[in-house]
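Visitor: Here the protein sequences line up with chains F and H, keeping their order.
Under the numbering used here, the first residue of the first sequence carries the number 111, and numbering increases by one thereafter.
Under the numbering used here, the first residue of the second sequence carries the number 111, and numbering increases by one thereafter.
Note that beta-carbon positions come from the ideal geometry of N, C-alpha and C, so glycine has one too.
Since the model is a prediction, treat every value here as computed from it, not as a measurement.
Questions regarding the structure given below will be posed in turn.
2 protein chains.
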Amino acid sequence: MPLRTAPSVKRGKIPEATVARLPIYYRALTQLFERGETRVSSEELAELTGVTSAKLRKDLSHLGTYGTRGVGYEVEYLRFQIAREMGLNNDWSVVIVGLGNLGRALARYGGFGSRGFQIVGLFDHDAKLIGSKLRTGKSEIEIMPATDLARAVKQLKARLGVIAVPAEVAQKVCDDLVKAGVTSILNFAPTHLSTPDGVDVRRVDLASELQILAFHEQKKNEEKSA
Amino acid sequence: MPLRTAPSVKRGKIPEATVARLPIYYRALTQLFERGETRVSSEELAELTGVTSAKLRKDLSHLGTYGTRGVGYEVEYLRFQIAREMGLNNDWSVVIVGLGNLGRALARYGGFGSRGFQIVGLFDHDAKLIGSKLRTGKSEIEIMPATDLARAVKQLKARLGVIAVPAEVAQKVCDDLVKAGVTSILNFAPTHLSTPDGVDVRRVDLASELQILAFHEQKKNEEKSA
DNA sequence: AGAGATTTGTGAAGAAAAGCACAAATCCCC
DNA sequence: GGGGATTTGTGCTTTTCTTCACAAATCTCT
Numbered sequence: 111m112p113l114r115t116a117p118s119v120k121r122g123k124i125p126e127a128t129v130a131r132l133p134i135y136y137r138a139l140t141q142l143f144e145r146g147e148t149r150v151s152s153e154e155l156a157e158l159t160g161v162t163s164a165k166l167r168k169d170l171s172h173l174g175t176y177g178t179r180g181v182g183y184e185v186e187y188l189r190f191q192i193a194r195e196m197g198l199n200n201d202w203s204v205v206i207v208g209l210g211n212l213g214r215a216l217a218r219y220g221g222f223g224s225r226g227f228q229i230v231g232l233f234d235h236d237a238k239l240i241g242s243k244l245r246t247g248k249s250e251i252e253i254m255p256a257t258d259l260a261r262a263v264k265q266l267k268a269r270l271g272v273i274a275v276p277a278e279v280a281q282k283v284c285d286d287l288v289k290a291g292v293t294s295i296l297n298f299a300p301t302h303l304s305t306p307d308g309v310d311v312r313r314v315d316l317a318s319e320l321q322i323l324a325f326h327e328q329k330k331n332e333e334k335s336a
Numbered sequence: 111m112p113l114r115t116a117p118s119v120k121r122g123k124i125p126e127a128t129v130a131r132l133p134i135y136y137r138a139l140t141q142l143f144e145r146g147e148t149r150v151s152s153e154e155l156a157e158l159t160g161v162t163s164a165k166l167r168k169d170l171s172h173l174g175t176y177g178t179r180g181v182g183y184e185v186e187y188l189r190f191q192i193a194r195e196m197g198l199n200n201d202w203s204v205v206i207v208g209l210g211n212l213g214r215a216l217a218r219y220g221g222f223g224s225r226g227f228q229i230v231g232l233f234d235h236d237a238k239l240i241g242s243k244l245r246t247g248k249s250e251i252e253i254m255p256a257t258d259l260a261r262a263v264k265q266l267k268a269r270l271g272v273i274a275v276p277a278e279v280a281q282k283v284c285d286d287l288v289k290a291g292v293t294s295i296l297n298f299a300p301t302h303l304s305t306p307d308g309v310d311v312r313r314v315d316l317a318s319e320l321q322i323l324a325f326h327e328q329k330k331n332e333e334k335s336a
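Take a look at the structure:
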């Protein structure tokens, strides 16, 4: 009978590289949990997520010692600990600015609205879109005018913002979001955003990703012909 | 009159971290070029792209010595060198699999079809979509049945594939793409893909990005209340 | 209860990336 | 043509990330 002893929670700060992998582990654990698995070894979980088992163990060791030597990890327990560490038990309000092709896809994207994230505001500049409603997961939300951004976002108390507008206006939108109290931004516009200290920006750049692949692809060809 | 001396092209391999930043520099240089700027210093370009000037210079030094001390870099020349290094002068054929919300947005996304990347095939599983046409940049392309994937992609000779299908079928699609000769994959499905050696996979994970932001957001709150 | 088989957690070593600081090269102006 | 002002390119240092390898902890079987 594995009696759960007090989890030794470590309070050093977690390396950024580790933080970036926690969502991957979380997802794999969720899958295992839904499949009814109760235990998993670092080897198996590493296989599922595409990392090495040593890296996985070191990553987890930054959260605390949640495994059992000779046995492995309890799926549900480890999953909960990661969720807690990542703040997924809290509820996060998110606004999306820009509802072109990409913005609409993001708004409708299920994985976005799921677990912990709730889309509470949609904004666009285009008069043809304003007032129309969009289904985002469970609820329907009306698209509001971008001119209202700063005021409306402040009222919604959202601290996470998604920018899916053209590069030319991204900085302006970013400034408005920051003014409204947003302190974390996911930027899909292909441009660098400058923000004051204390505001995090993560960029997702579709064209860059393709270019990086093309670079490696080219290297493969050079090798072949060499 | 700055007579252009033979560029000393360095042939060591370029660090991965540098490769990931080259597209950013390239975009900023394109912008400067279109604005009519002919010269830029590492300090200015660093500011524009959100890196430090030392890092920028070191990155560029891996490509060759394309700057002039006391002066800076010639915008057009440097831009060309980066493009060449990244294989953007070649033309890359890309196929997209999965034309749900996200896939359609990607297909229509201008920055994708631009400079060097041409979407040559669209595939989906859904009978309602098959046969319909989608405008991707300049041309219209018909959506083809996913059952035809391996055969059709081989015929199209595409080596870059974009996966925008649900996680459950992503590995199957990936296997088919690899079978068809695709050697670089951009994966939007929230799951790890296993591939044979020689096939590169880059993952873009929207939910993970939000979760990483939420993690830091939580840390900010803890600090405040501490 | 003890021997043998697993599997974690982690120090220590190694590799990669970032940051520093300054010599070398160029320009400008008198 | 020489002195002062810029700005690159890079050796060196520091930091961060990854990998290795093994002791410690647990389980199983007899």
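With 16 as the cutoff for other CB atoms within 10 Å, does residue 152 of chain H come out buried or exposed?
Guide: Result: buried.
Visitor: Which of the three DSSP states, helix, strand or coil, is assigned to residue 161 of chain H?
Guide: Note: residue 161 of chain H maps to coil in three-state DSSP.
Visitor: Is it buried or exposed, residue 294 of chain F, if we count other Cβ atoms within 10 angstroms and call 16 or more buried?
Guide: Its Cβ being crowded by 16 or more others within 10 Å, residue 294 of chain F is buried.
Visitor: Just to confirm the assignment, what range does the alpha helix (DSSP H) spanning residue 133 of chain F have?
Guide: Note, residue 133 of chain F: alpha helix (DSSP H), 126-144.
Visitor: Residues in the stretch 209-243 of chain H with C-beta within 9 Å of chain F's C-beta atoms, listed in sequence order?
Guide: Those residues of the stretch 209-243 of chain H that come within reach of chain F (Cβ to Cβ, closer than 9 Å) are 210, 211, 212, 213, 214, 215, 216, 217, 218, 219, 221, 222, 224, 225, 226 and 227.
Visitor: Do you know offhand how far residue 188 of chain H's Cα is from residue 180 of chain F's?
Guide: So the two alpha carbons sit approximately 56 Å from each other.
Visitor: Could you tell me if residue 318 of chain F is buried or exposed, where buried requires 16 or more neighbouring beta carbons within 10 angstroms of its beta carbon?
Guide: Label assigned to residue 318 of chain F: buried.
Visitor: Would you say residue 253 of chain H and residue 266 of chain H are within 7 Å of each other, going by their C-beta atoms?
Guide: No.
Visitor: Is it buried or exposed for residue 297 of chain H, if we count other Cβ within 10 angstroms and need 16 for buried?
Guide: Counting Cβ neighbours within 10 Å, residue 297 of chain H comes out buried, since at least 16 surround it.
Visitor: Exposed or buried, which one is residue 241 of chain F when buried takes at least 16 other CB atoms within 10 Å?
Guide: Classification for residue 241 of chain F: exposed.
Visitor: Nearest to residue 135 of chain F by CA position, among F:195, F:146, F:123 and F:226, is which residue?
Guide: The shortest Cα separation from residue 135 of chain F among F:195, F:146, F:123 and F:226 belongs to F:195.
Visitor: For residue 207 of chain H versus residue 309 of chain H, is the C-beta spacing smaller than 7 Å?
Guide: No, they are not a contact pair.
Visitor: Using Cβ-Cβ distances below 7 Å, what residues of the stretch 318-331 of chain F are close to chain H?
Guide: Those would be 318, 319, 320, 321, 322, 323, 324, 325, 326, 327, 328 and 330, in chain order.
Visitor: Just curious, the alpha helix (DSSP H) that residue 190 of chain H is in, first and last residue?
Guide: First-last of the alpha helix (DSSP H) with residue 190 of chain H: 185-196.
Visitor: Helix, strand or coil for residue 318 of chain H? Go by DSSP, reduced to three states.
Guide: Helix.
Visitor: With DSSP run on the structure shown, which of helix, strand or coil describes residue 286 of chain H?
Guide: Reduced to three states, the DSSP call for residue 286 of chain H is helix.
Visitor: What does residue 158 of chain H touch in chain F if you count any residue whose Cβ is under 8 Å from its own?
Guide: Per Cβ cutoff of 8 Å: 302.
Visitor: Taking the C-alpha atoms as reference points, what is the distance between residue 323 of chain H and residue 258 of chain F?
Guide: Whole-angstrom Cα-Cα distance: 24 Å.
Visitor: Any idea what DSSP makes of residue 213 of chain F, helix, strand or coil?
Guide: Reduced to three states, the DSSP call for residue 213 of chain F is helix.
Visitor: Can you confirm whether residue 122 of chain H, when its beta carbon is compared against all beta carbons of chain F, has any partner nearer than 7 Å?
Guide: Judged by the 7 Å Cβ criterion, residue 122 of chain H is not in contact with chain F.
Visitor: Report yes or no: is there a C-beta of chain H within less than 7 Å of the C-beta of residue 245 of chain F?
Guide: Output row for residue 245 of chain F: interface = no.
Visitor: Ignore the nearest five residues each way along the sequence and tell me which others in residue 300 of chain F's own chain have a CB closer than 7 Å to its CB.
Guide: Correct list, in chain order: 277, 315 and 317.
Visitor: Could you say which of H:290, H:214, H:212 and H:182 lies nearest to residue 263 of chain H if we only look at CA atoms?
Guide: Per the Cα distances, H:290.
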